[in-house]
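Numbering (the numbering used here), first residue to last: 2 to 149.
Backbone N, C-alpha and C define an ideal beta-carbon position, used for all residues, glycine too.
Remarks on the structure that follows.
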């Protein structure tokens with residue numbers, strides 16, 4: 002079935018039990034919502050962070066990555082059938098969903114706790130030692146120079 006709408010709340014859509022697969026560009030929120038709702042994906046990444054997340058999804062059997070600039074209808078159809086019929090995709094993303102959902106506190110509570118922690122203790126102990134490095138040390142130019 003296909004429903005064409007100008008806009009639908011993506012999180013609500015993915016929460017619907019009738020949705021079995023999500024075709025996405027692979028943005029961070031889309032991928033997190035896919036995992037949260039345990040919906041396998043077919044990812045058509047456009048930009049760098051999306052390609053990384055698409056590769057991650059494929060490596061972890063959440064779904065299949067496709068090339069947005071170079072694909073055929075038959076390839077998409079075969080990948081849809083493959084993802085829907087191969088239980089590995091559903092099982093892998095379901096396991097990650099279970100891990101993600103197994104939180105004792107809500108996101109709002111964790112943010113509130115973090116803010117209260119910083120207000121009480123400051124943030125100096127949270128800073129990485131990398132913030133004190135010179136730029137050439139941070140990008141490891143000094144190591145590269147020694148190796149060359």
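Review point. Does the distance from the CB of residue 55 to the CB of residue 44 come in under 8 Å?
Key: Going by C-beta atoms, residue 55 is nearer than 8 Å to residue 44.
Check your understanding: Should residue 58 go down as buried or exposed, given a rule of 16 or more other Cβ atoms within 10 Å for buried?
Key -> Residue 58 sits buried, since 16 or more C-beta atoms from the chains shown fall within 10 Å of its C-beta.
Exercise for review: Starting from residue 84, trace the alpha helix (DSSP H) both ways and give me its first and last residue.
Suggested key: 74-86
**Study point:** Residue burial classification, residue 141 (beta-carbon count within 10 angstroms, cutoff 16)
**Key:** Around the beta carbon of residue 141, fewer than 16 other beta carbons sit within 10 angstroms, so the residue counts as exposed.
Check your understanding: Can you tell me the Cα-Cα spacing of residue 97 and residue 23, whole angstroms?
Key -> 16 Å
Check your understanding: Would the region 99-108 and the region 121-138 be scored as touching if the rule is three or more Cβ pairs under 8 Å?
Key -> no
Check your understanding: Where DSSP assigns a beta bridge to residue 23, which residues make up the other side?
Key -> Residue 23 pairs with 42.
Review point. For residue 90, does the count of other Cβ atoms within 10 angstroms reach 16, so buried, or fall short, so exposed?
Key: buried
**Study point:** Integer-rounded CB distance, given that residue 29 should sit under 8 Å from residue 50
**Key:** 7 Å
Practice item. Would you decide whether residue 38 is buried or exposed? Buried here means 16 or more other CB atoms lie within 10 Å of its CB. Key: buried
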